[in-house]
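In full-length UniProt numbering, the protein residues as written are 1 to 431.
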Amino acid sequence: MEQTLHKDDTGWRLKAIIGGSAGNLVEWYDWYAYSAFSLYFANTFFPDSNPTVQLINTAGIFAVGFLMRPIGGFVFGKLADNRGRKVAMTVSVLLMSLGSLLIAFLPGYNSIGIAAPLLLLVARLLQGLSVGGEYGTSATYLSEVATEEKRGFFSSFQYVTLIGGQLIALGLQLILQNIFLTDQQMHDWGWRIPFVIGAMLSLVALYLRAHLNETEAFQSKDLKVKKEGSLKELMKHPRAVLVVIGLTSGGTLAFYTYTTYMQKFLVNTVGLTKYQSTILTFCSLFIFAALQPVFGALSDRIGRRPLLIAFGVLGTIFTYPLLSTLSHTTEMWPAFGLLMAALIIVSGYTSINAVVKAELFPVEVRALGVGLPYSIAVAVFGGTAEYLALWAKNLGHEAWYYWYVTICIFISLIVYIRMKDTKHTSLIEKH
Numbered sequence: 001m002e003q004t005l006h007k008d009d010t011g012w013r014l015k016a017i018i019g020g021s022a023g024n025l026v027e028w029y030d031w032y033a034y035s036a037f038s039l040y041f042a043n044t045f046f047p048d049s050n051p052t053v054q055l056i057n058t059a060g061i062f063a064v065g066f067l068m069r070p071i072g073g074f075v076f077g078k079l080a081d082n083r084g085r086k087v088a089m090t091v092s093v094l095l096m097s098l099g100s101l102l103i104a105f106l107p108g109y110n111s112i113g114i115a116a117p118l119l120l121l122v123a124r125l126l127q128g129l130s131v132g133g134e135y136g137t138s139a140t141y142l143s144e145v146a147t148e149e150k151r152g153f154f155s156s157f158q159y160v161t162l163i164g165g166q167l168i169a170l171g172l173q174l175i176l177q178n179i180f181l182t183d184q185q186m187h188d189w190g191w192r193i194p195f196v197i198g199a200m201l202s203l204v205a206l207y208l209r210a211h212l213n214e215t216e217a218f219q220s221k222d223l224k225v226k227k228e229g230s231l232k233e234l235m236k237h238p239r240a241v242l243v244v245i246g247l248t249s250g251g252t253l254a255f256y257t258y259t260t261y262m263q264k265f266l267v268n269t270v271g272l273t274k275y276q277s278t279i280l281t282f283c284s285l286f287i288f289a290a291l292q293p294v295f296g297a298l299s300d301r302i303g304r305r306p307l308l309i310a311f312g313v314l315g316t317i318f319t320y321p322l323l324s325t326l327s328h329t330t331e332m333w334p335a336f337g338l339l340m341a342a343l344i345i346v347s348g349y350t351s352i353n354a355v356v357k358a359e360l361f362p363v364e365v366r367a368l369g370v371g372l373p374y375s376i377a378v379a380v381f382g383g384t385a386e387y388l389a390l391w392a393k394n395l396g397h398e399a400w401y402y403w404y405v406t407i408c409i410f411i412s413l414i415v416y417i418r419m420k421d422t423k424h425t426s427l428i429e430k431h
């Protein structure tokens, strides 16, 4: 029988958290490499003289990749609830590596015409399927292997590695930009390097996940339950499903606004150089990642709900002023200060959203319950964030997007106020 993780196995528990988090980091590096390097390959697949139009096209492909995430959330959530968290996480990383390899060796529009952007779309669909499954299974896994009194702290490492994946992509971009390649080389072929590296790193993630232990919660679930991971079983928890969608919508929109889209915002709107934008984004994300365990540990002391409400209130009040002021900032470090203020606010959501969702569902539908409704919300709000922001800018009404983010955060705030604190009502211990 496969080895399980028991409550007194401290060493195995730490190994599981490190292994699960490291695999998560590699997956999210692959996902974010597309966004980080899109400034360089946009003209390869979408020849157009207007750089904003090129970015809109690449952002559109980015958004379409999100549409596969609900499918990934369902497929891998069902797999994780039926066959185990470990199996689902291992398969998802293989799928991600396939998408990265395809992008790495894909000819441009000048070589194969319309087939180039279409194949780019296929690669992003594969990656979207993979990431859609990754979130629910890894969030469930990390929440289940953590001890009850430190669950907020340990599960926060999902976002540490999620942000870490973006940091590695940006760090590689800085190295290539300033040490090894010229700007022209980056545009011509240098942007392919991160996708080759991503495919290679996936082998490391595969090894790590192949040696993980299955969680005790999954192994000790009621064997009489025959419909693990089914939609029918999930629909027995309609309130939990709606809570996941509601608490995710504003949080994920804010997260993608201040992380994935921000690098382009700093270049297109603020007027910084690509180098300045990359440096600023890297530094802010590094601090942002370090904040996650701090907020996660705080939730273990005061509960999850106060942090969510703090994010909702501060996000509703300050989103428009922060983005508006940032858009009129001309210097790098004042822009850094404004961005860090926004990311500190968003940490109230990012640090604990995974554990909150896992605590809402029983073990037999936990991975599906976390992954599917989350992926739907991210596809609708996170996946379209960059596209809508660039669309509003192209129309000459960029402030519309600031109000859109504000309204979505306010709607999530209503959910935070009405929901119970999952730290005190967690279903993870009730398997």
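By construction, the Cβ of each residue, glycine as well, lies at the ideal position given by its N, Cα and C atoms.
Every unbroken alpha helix (DSSP H) inside the stretch 63-139 [4 residues or more]: 69-83, 85-104 and 109-112
Residue nearest to Gly-371 in terms of C-alpha spacing, selected from Glu-216, Lys-150, Tyr-29 and Leu-242: Leu-242
Contact under 9 Å by Cβ, Tyr-29 with Ala-123: no
Distance between beta carbons of Arg-239 and Tyr-416, contact taken as under 8 Å: With 8 Å as the limit, Tyr-416 and Arg-239 do not qualify as a contact, their Cβ atoms being about 14 Å apart.
Backbone secondary structure at Met-186 - three-state DSSP: helix
Thr-147 to Phe-154 span [Cα, whole Å]: 8 Å
Same chain, Cβ closer than 7 Å to Leu-162, five either side skipped, listed in chain order: Asn-24 and Trp-28
Where Tyr-207 sits in the DSSP three-state scheme: helix
Limits of the alpha helix (DSSP H) - the one that Ser-220 falls within: Unbroken run through Ser-220: none, as it is neither H nor E.
Terminal residues of the alpha helix (DSSP H) in which residue 439 lies: Given a span of 1 to 431 for the chain in the structure shown, any question on residue 439 remains unanswerable.
Buried/exposed call for Trp-333, threshold 16 Cβ in 10 Å: exposed
Cα-Cα separation, Cys-283 to Leu-181: 22 Å
Residue span of the alpha helix (DSSP H) that contains Pro-47, given as start and end: Unbroken run through Pro-47: none, as it is neither H nor E.
Span of the alpha helix (DSSP H), counted from its first residue to its last, around Ser-412: 399-418
Close Cβ partners of Gly-136 (< 6 Å) along its chain, the five nearest in sequence each way excluded: Gly-73, Gly-77, Ala-367, Val-370 and Gly-371
Contacting residues, own chain, Cβ-Cβ under 7 Å from Ala-297 (five flanking each side not counted): Gly-152 and Phe-153
Segment limits, alpha helix (DSSP H) that includes Met-332: 332-350
Delimiting residues of the alpha helix (DSSP H) encompassing Asn-353: 353-358
Same chain, Cβ closer than 8 Å to Gln-177, five either side skipped, listed in chain order: Asp-183, Met-186, Lys-274, Tyr-275 and Thr-278
Endpoints, the alpha helix (DSSP H) within which Met-262 is located: 262-265
Beta carbon of Met-145 nearer than 9 Å to that of Thr-215: The question names Met, but residue 145 is Val in the sequence shown. It is a contact, given that the beta carbons lie within the stated cut-off.
The stretch 315-334 / the stretch 197-211 touching (three or more Cβ pairs under 8 Å): no
Per-residue burial, Ala-377 [other beta carbons within 10 Å of its own, 16 or more giving buried]: buried
CA-to-CA distance, Phe-66 to Val-131, given in whole angstroms: 9 Å
The stretch 188-200 in contact with the stretch 33-40 per 3-pair CB rule at 8 Å: yes
Three-state class that DSSP yields for Gly-383 in the structure shown: coil
Distance, Met-262 Cα to Phe-295 Cα: 22 Å
The alpha helix (DSSP H) enclosing Thr-325, as first and last residue numbers: 305-327
Where Phe-154 falls: helix, strand or coil (DSSP): helix
Beta carbon of Gly-165 nearer than 9 Å to that of Arg-69: no
Glu-292 versus Asn-213: straight-line alpha-carbon distance, rounded: According to the sequence provided, residue 292 is Gln. The question's Glu does not apply to it. Rounded to the nearest angstrom, the two C-alpha atoms are 25 Å apart.
Closest by C-alpha distance to Leu-247, when choosing among Tyr-349, Leu-390, Ile-179 and Ser-138: Tyr-349
Extent of the continuous alpha helix (DSSP H) run through Ala-254: 238-258
Which listed residue (Trp-403, Gly-382, Ala-290 and Met-340) has its alpha carbon closest to that of Gln-158: Ala-290
Cβ distance (whole Å) where Glu-233 is taken to contact Val-365 below 8 Å: 5 Å
Separation of Thr-330 from Leu-79, as counted between CA atoms: 49 Å
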